[in-house]
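Chemist: Numbering (the numbering used here), first residue to last: 654 to 1089.
A virtual CB, placed ideally from N, CA and C, is assigned to each residue, including glycine.
Before I ask anything, here is the structure I am working with.
See below:
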């Protein structure tokens, strides 16, 4: 497909294309950026469906990792354990591995989880454009041809290994049978969301964990516990929309709430790209970092779904309205699943722990933009608002508290979620070790 035509069809701005496909870094980082653009155009990011999004990124980066380590074995592979032909182009292998995972994976996205029919076409147009643009700068010849064949082979190996992981077992992913009213603390569907989403994701085979219950946190506070009452009062005061519901939230806290609202795989991948480029990671180091990061983020959603299903704890909006404030409205519409533990906080713990362990320090200065900030200030605008951090822990902590500011979670859910994610990240960082 003509690359310019693909870009136009996808509705992607020249600024975004330049950022994603022509950044002055390595092919692995560019592939990660392109995948994020594709996920956004496919309508699974920056909101809607981080479940399939996280799995797609993980499989893509595992295929990239295996392709590079078939060329030069620096780390143990995941699914493809063969040696490439001498002279094989690493850049071509990366491009093909990304393409031959992302294209079929996007095609399998469930229609019920997509806002409209154009989503798949637009997402795939970006995948096609990224592939064409990546190959266009590689000279034709045996090295390029071998690289394409290698990337296709590693993609096939990874997809085959994950074929029985239950992600494609079928829906419904949206359960429209809401739980009946129960005892205080029991989950009920929330206002404007008369359904429960992605309960079945708990059945997906983990990449990192032994099973979906490994590292599961202790139960949430009982509703008559003083700690729960304090958490309830906190989110009631600060998590309201500031319109129909008064809120003590400051303008900066509102910015934090919207800044971290986007999908965690999109956000932490972007942070990973910034750090990998700033630290000068080579292609092999970048490939391992992203393979581990994306696997751990994917497992975060599996763990989250299983634990939410297990505890079935109510959301703040339900608790507050049941307590007598019948019109209380959160800053943003509450996601259609249970409170405990906070999935976003799990993802923050995962991201911070993986990056800390693979970079070798928590104390890293970086900046990031946001995909869900007001129009004109997002990552997709020419002058995005940037927030600055001095450590991965600082970012994870801000991510967690943002879920209170937005009115989605109790503090217990965010604290335990972050700790949960760190355990997953710690385990993930031991995978794909150096070759012997």
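(1) Would you mind sorting residue 1018 into buried or exposed? The rule is 16 or more other CB atoms within 10 Å of its CB.
(2) Who pairs with residue 1020 in a beta bridge, going by DSSP?
(3) Using the three-state DSSP reduction, which class does residue 1031 fall into: helix, strand or coil?
(4) Considering only C-alpha positions, which residue in the set 678, 768 and 729 is nearest to residue 693?
(5) Would you mind stating whether residue 804 and residue 874 have Cβ atoms separated by less than 9 Å?
(6) Quick check on residue 1172: buried or exposed, where buried means 16 or more other Cβ atoms within 10 Å of its Cβ?
(7) Tell me which residues share the same chain as residue 999 and place their Cβ nearer than 6 Å to its Cβ, disregarding the 5 neighbours each side in the sequence.
(8) At what residues does the alpha helix (DSSP H) containing residue 985 begin and finish?
(9) List the endpoints of the continuous alpha helix (DSSP H) containing residue 950.
(10) For residue 994, does the count of other Cβ atoms within 10 angstroms reach 16, so buried, or fall short, so exposed?
(11) Excluding five sequence neighbours on each side, which residues of the same chain lie with their C-beta closer than 7 Å to the C-beta of residue 921?
(12) The alpha helix (DSSP H) that contains residue 623, what's its start and end?
(13) Taking the CB atoms as reference points, tell me whether residue 743 and residue 720 lie closer together than 9 Å.
(14) By Cβ distance below 7 Å, which residues in the same chain neighbour residue 943 in space, the five residues on each side in sequence not counted?
(15) Between the Cα of residue 869 and those of 959, 783 and 934, spot the shortest distance and give me the residue it belongs to.
(16) Just checking, does the segment 886-904 make contact with the segment 971-984 on the three C-beta pairs under 8 Å criterion?
(17) Apply the 10 Å Cβ neighbour rule to residue 987 and answer buried if 16 or more other Cβ atoms are within range, or exposed otherwise.
(18) Just to confirm my understanding: we take residue 914, look at its own chain, exclude 5 residues before and 5 after, and list those with CB closer than 7 Å. What are they?
(19) Nearest-angstrom Cα distance between residue 821 and residue 855?
(20) Strictly by DSSP, which residues pair up with residue 843?
(21) Do residue 1085 and residue 731 have their beta-carbon atoms positioned less than 9 Å apart in this structure?
(22) Counting Cβ pairs closer than 8 Å, one from the segment 846-860 and one from the segment 818-836, do we hit at least three?
(23) So, under 8 Å CB-CB, residue 1050 and residue 927 are touching, yes? Tell me the CB distance rounded to an integer number of Å.
(24) Whole angstroms are fine: how far does the CA of residue 1079 sit from the CA of residue 861?
(25) Taking only runs that begin and end inside the segment 703-776, name each unbroken beta strand (DSSP E) of 3 or more residues, in chain order.
(26) Only counting the same chain, and skipping five residues up and downstream in sequence, which positions put a Cβ closer than 7 Å to that of residue 765?
(27) Apply the 10 Å Cβ neighbour rule to residue 760 and answer buried if 16 or more other Cβ atoms are within range, or exposed otherwise.
(28) For my contact list, residue 1077 and residue 1067 are in at a C-beta cut-off of 8 Å; report their separation, rounded to the angstrom.
(29) Taking the DSSP output, what are the residues bridged to residue 828?
(30) Find the nearest neighbour of residue 736 within the set 800, 757 and 962, judged by alpha-carbon distance.
(31) Is it the case that the Cβ atoms of residue 1088 and residue 814 are separated by a distance below 9 Å?
(32) How about residue 700 and residue 916: do their beta carbons lie closer than 9 Å?
(33) Quick one: is residue 938 buried, meaning 16 or more other Cβ sit within 10 Å of its Cβ, or exposed?
(34) Given residue 901, which residues of its chain have a CB within under 7 Å of its CB, disregarding the five upstream and five downstream residues?
(35) Buried or exposed: which applies to residue 706, given that a residue is buried once 16 or more other Cβ atoms fall within 10 Å of its Cβ?
Modeler: According to the structure data:
(1) exposed
(2) 1041
(3) coil
(4) 768
(5) no
(6) As shown, the chain starts at 654 and ends at 1089. That puts residue 1172 outside it, with no answer to give.
(7) 953, 957, 1070, 1073 and 1074
(8) Unbroken run through residue 985: none, as it is neither H nor E.
(9) 936-964
(10) buried
(11) 946, 950, 1000 and 1004
(12) Past the boundaries of the shown model lies residue 623; the chain is included only from 654 to 1089, so the question cannot be answered.
(13) yes
(14) 681, 685, 714 and 925
(15) 959
(16) yes
(17) buried
(18) 985, 1025 and 1059
(19) 13 Å
(20) 846
(21) yes
(22) yes
(23) Residue 1050 to residue 927, Cβ: 18 Å. No contact.
(24) 10 Å
(25) none
(26) 824, 825, 826 and 827
(27) exposed
(28) That pair is no contact at about 16 Å.
(29) 849
(30) 800
(31) no
(32) yes
(33) buried
(34) 890 and 891
(35) buried
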